[in-house]
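Taking it in order: structure first as structure tokens, then the write-up.
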Amino acid sequence: MGRVRSLYIKRAARELLERYPDKFSPSFEENRKFLDEKLKNVGKPLRNRIAGYISTLLKQEKEE
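Remember, the working numbering sits 975 above the position in the sequence shown when you count from 1.
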């Protein structure tokens, strides 16, 4: 079974995807770099979790 992500991470990821839909890709590294610029006051582990969830969402959309 996979890890469960908190509602805070899911909500933040969806809001960022709505706000910047063309800035994200299925690549975790690219998403992480973009979030480093946009989310200055957020800790590194939380930024990485949000970037990972965004990557997962975009990969799922691509498969459908």
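The beta carbon of each residue, even a glycine, is placed where N, CA and C say it ideally should be. Since the structure is predicted, the reported quantities are computational estimates derived from the model, not experimental observations.
Taken in chain order, the complete alpha helix (DSSP H) segments of 4 or more residues contained in the segment 991–1032 are 1003–1013. Nearest Cα to Arg980 within the set Arg1022, Pro996, Lys1037: Arg1022.
Taking C-beta atoms as the reference points, Ile1029 and Val1017 fail to come closer than 9 Å. In this structure, the CA atom of Lys1019 is about 14 Å from the CA atom of Phe1003.
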